[in-house]
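Participant: The numbering used here puts the first residue of the sequence shown at 1233, with every later residue one more than the last. Handing you this structure, nothing more for now.
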Amino acid sequence: MTVVPEGIEAYAERHTTPLDELLARLADETRATLSSPQMLTGPVEGRFLQFLVYLTGAQRVLELGTFSGYSSISMAAVLPPGGHIDTCEVAEEHASVAGRYIEKAGLSDRISVHLGPAIETIESLEGEFDFVFIDADK
């Protein structure tokens, strides 16, 4: 089942500025090596998340469901100085891919990948978040 009609999705993809080569490689690896590649955040969703994080001026972001890290990397690109993302992933294989690409992107200081059930991770995090992206347990 699709949420957005195929023609509209294709139009949006054609008219959305690609994020960068690193994210293209991440998307290719995700599709080739991880199960459920349809969960990948793509360029349209990535740009939309960037827009929301930038628009809100979010300093602290919480993401539930890292998958391969595409959305985390997308959002981190527009964080203000000192901004940080805490992202929760239950699957070690997914967290491993995300960690590699976060490091390649030079964003290890802005993104923390927490491995384990999100409910346990959230209990261990202090303070408030300015923006929360829930992308788990579909």
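Using N, Cα and C, we set each Cβ at its ideal position, and we do this for glycine too.
1) Could you tell me which residues DSSP puts in a beta bridge with T1319?
2) According to DSSP, is F1365 part of a helix, a strand, or is it coil?
3) Starting from Q1270, trace the alpha helix (DSSP H) in both directions and tell me its first and last residue.
4) Would you mind stating whether I1354 and I1317 have Cβ atoms separated by less than 7 Å?
5) CA-CA distance, V1285 and T1262?
6) Spatial neighbours of L1296 within its chain, please: CB distance less than 6 Å, with the 5 preceding and 5 following residues excluded, ordered by chain position.
7) By alpha-carbon positions, which one of D1362, S1303 and H1247 ends up nearest to L1254?
8) Rounded C-beta distance between S1300 and A1330? I'm assuming under 8 Å.
Facilitator: Here's the rundown:
1) E1295 and V1345
2) strand
3) Run containing Q1270: none; DSSP gives neither H nor E here.
4) no
5) 24 Å
6) Cβ within range, chain order: C1320, A1350, I1366 and A1368.
7) It is S1303 whose Cα lies nearest to the Cα of L1254.
8) Cβ-Cβ separation between S1300 and A1330: approximately 6 Å, consistent with a contact (criterion under 8 Å).
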